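Trainee: Below are the structure tokens for one structure; questions will follow.
This is the structure:
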């Protein structure tokens, strides 16, 4: 049994234990030898739920521990709910699993759809279907579009999670100013991408007279959909005739792995790609060390904003691209699985938790999740908002860079480059299929993907080994 399953079993036991313990005091038992009076309902000791919350979140909250404390106070100021917010600085998923397995109780968790599916399978989440259906706020199509609920519904139509934000998608992001400087056209095919990335590596795009740039940096296998688009292959799982498959493990993927290996062998791909996290990748891009990364549409604007804050006269320009054109003449980007609020079955304040979820999609909730904390990140007078220096650095993102609610448009508009990136996603992206067993499949995919890219194994052999192991572990049908 792997660590994830061990931790999952511990979590389920911890949460189940808390639930059973909570049920033991549901009513006042008769005293020894004393029966309830005829026709008299049993007395209960149920007390009114405190308006308090214990929340654990990965990206929602302040940017520093000190600002996290201000974030808690701002929630209380705006809602009257006394809040404790746990926001680990790193390794969120591991710390979340460990905290729950240890028996720590939470009222709300911010999790990915993948984790939500895992927790549903383990029976440790509260079914919110009835509350969502009865919520005037959440059923308002101007607050949350009706069709979006299909993203989070289970096969039997139940809802366990409610969106924390509008989730965008991923794509190649290029230094458009470098394209212009080197008189290069936007790439369309994998061959085009190779020529552009090679030029970024060899033609001194940063102008410092040194060969110290890479064409492409990625964070492991985090986001390669834009390149596998050339083979018409979807990231993660696809389902056909009721059977699950992983397109990256098929023979059609071999040419893409060979293309990536070519970039690695020629020094065009950042050699540390396999151990990069997304922060290292972004920092290379911001530091003029790499000409292209693969990341979220929101970051097109945040990258541009970051450099603008550092130097108002900068020529830096990040731009989203649709990836490589496929065999059918179309592009294939991915729209990411949504992050959601979920309520554990042993939550001590479940009613308050749902009240908070509804509030999160109101104007005040959106302002907090995007702009941040009043008088710290922004000031407001007569309905007009102004970002402070800290707010400008935080780029309108305290966990909610984009939101659904049409009743509150972004008072500052979108950051540079974001609208064009979102338009590409609207045209070319589709949702991922991420069943609970994805984490097990991903380990196998990464192992052989890296062997192929690093040249430790011919791409064809790596793909066949990958597929054999996925089948052996019953991760594909």
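Numbering (mature numbering (1 follows the signal peptide of the UniProt record, and there is no 0)), first residue to last: -21 to -1, 1 to 456. Positions of the beta carbon are idealized from the N, C-alpha and C atoms, including for glycine. Since we're looking at a predicted model, the values are computed, not measured.
(1) Are the beta-carbon atoms belonging to residue 328 and residue 53 less than 7 Å from one another?
(2) For the beta strand (DSSP E) containing residue 320, name the first residue and the last one.
(3) If we count the other Cβ atoms within 10 Å of its Cβ and call it buried at 16 or more, is residue 325 buried or exposed?
(4) How close, in whole Å, do the beta carbons of residue 274 and residue 257 come, if the pair is a contact with beta carbons under 8 Å?
(5) Of the residues 42, 38, 426, which one's Cα is nearest the Cα of residue 253?
(6) If you count every other CB in all the chains shown that lies within 10 Å of the CB of residue 317, and 16 or more means buried, which is it?
(7) Within this structure, are the beta carbons of residue 71 and residue 104 separated by less than 7 Å?
(8) Counting only the same chain and skipping the five closest in sequence on each side, list residues whose C-beta sits under 8 Å from that of residue 177.
(9) So, residue 61 versus residue 31, is the Cβ gap smaller than 7 Å?
(10) Per DSSP, what kind of secondary structure is residue 22 in: helix, strand or coil?
(11) Give me the DSSP bridge partner(s) of residue 90.
(12) Give me whichever residues DSSP pairs with residue 274 in a beta bridge.
(13) Where does the unbroken alpha helix (DSSP H) through residue 175 begin, and where does it stop?
(14) In this structure, does DSSP put residue 134 in helix, strand or coil?
(15) Is DSSP giving residue 34 helix, strand or coil here?
(16) Just how far apart, CA to CA, sit residue 221 and residue 156?
(17) Per DSSP, what kind of secondary structure is residue 142 in: helix, strand or coil?
(18) Less than 7 Å between the C-beta atoms of residue 137 and residue 106, yes or no?
(19) Could you tell me the alpha carbon to alpha carbon distance between residue 225 and residue 423, rounded to whole angstroms?
(20) Per DSSP, residue 353 forms a beta bridge with which residues?
(21) Rounded to the nearest angstrom, what separates residue 84 and residue 320 at their Cα positions?
(22) To the nearest whole angstrom, what separates the beta carbons of residue 336 and residue 141, a pair I think is in contact under 8 Å?
(23) Starting from residue 310, trace the alpha helix (DSSP H) both ways and give me its first and last residue.
(24) Which runs of the beta strand (DSSP E) spanning at least 3 residues fall entirely within the segment 359 to 385, listed in chain order?
(25) Alpha carbons only, please: which of 282, 361, 203, 299 is nearest the one belonging to residue 375?
(26) If we ignore side chains and look at the alpha-carbon of each, how far apart do residue 385 and residue 200 end up?
(27) When the distance is taken between beta carbons, is residue 349 closer than 7 Å to residue 148?
(28) Taking only runs of the beta strand (DSSP E) that begin and end inside the segment 242 to 299, which ones reach a length of at least 3 residues, in chain order?
(29) Just checking my contact of residue 40 with residue 377 at CB under 8 Å: how many whole Å lie between their CB atoms?
(30) Buried or exposed: where does residue 301 fall if 16 or more other Cβ atoms within 10 Å of its Cβ makes it buried?
(31) If you run the structure through DSSP and keep just helix, strand and coil, what is residue -13?
(32) Between the Cα of residue 198 and those of 174, 255, 379, spot the shortest distance and give me the residue it belongs to.
(33) Checking 7 Å against the spacing of the C-beta atoms, do residue 143 and residue 89 come in under that value?
(34) Would you report the Cα separation of residue 3 and residue 102, rounded to the nearest angstrom?
(35) For residue 368, count neighbouring C-beta atoms within 10 Å of its own C-beta (all shown protein chains included) and say buried if the count is 16 or more, exposed if not.
(36) Assuming residue 270 and residue 394 form a contact by the criterion Cβ under 8 Å, report the distance between their Cβ atoms to the nearest whole angstrom.
Mentor: Quick answer:
(1) no
(2) 318 to 321
(3) buried
(4) 7 Å
(5) 426
(6) buried
(7) no
(8) 194, 245, 247
(9) yes
(10) In this prediction, residue 22 scores a pLDDT of 49, lower than 50, which makes its location untrustworthy; the coordinate-derived value is nonetheless stated afterwards. Reduced to three states, the DSSP call for residue 22 is coil.
(11) 319
(12) 150
(13) 169 to 181
(14) coil
(15) strand
(16) 46 Å
(17) strand
(18) yes
(19) 11 Å
(20) 357
(21) 15 Å
(22) 5 Å
(23) No alpha helix (DSSP H) holds residue 310; DSSP gives it neither H nor E.
(24) 363 to 366
(25) 282
(26) 35 Å
(27) no
(28) 271 to 275, 297 to 299
(29) 7 Å
(30) buried
(31) Residue placement at residue -13 is flagged as unreliable, the pLDDT there being 49, under the threshold of 50; the coordinate-derived value follows with that caveat. If DSSP states are grouped into helix, strand and coil, residue -13 belongs with the helices.
(32) 255
(33) yes
(34) Confidence at residue 3 is low in this model, with a pLDDT of 34, below 50, so the placement of that residue should be treated as unreliable; the coordinate-derived value is given next. So the alpha carbons of these two residues sit roughly 20 Å apart.
(35) exposed
(36) The pair is not a contact, with the Cβ atoms about 20 Å apart (cut-off 8 Å).
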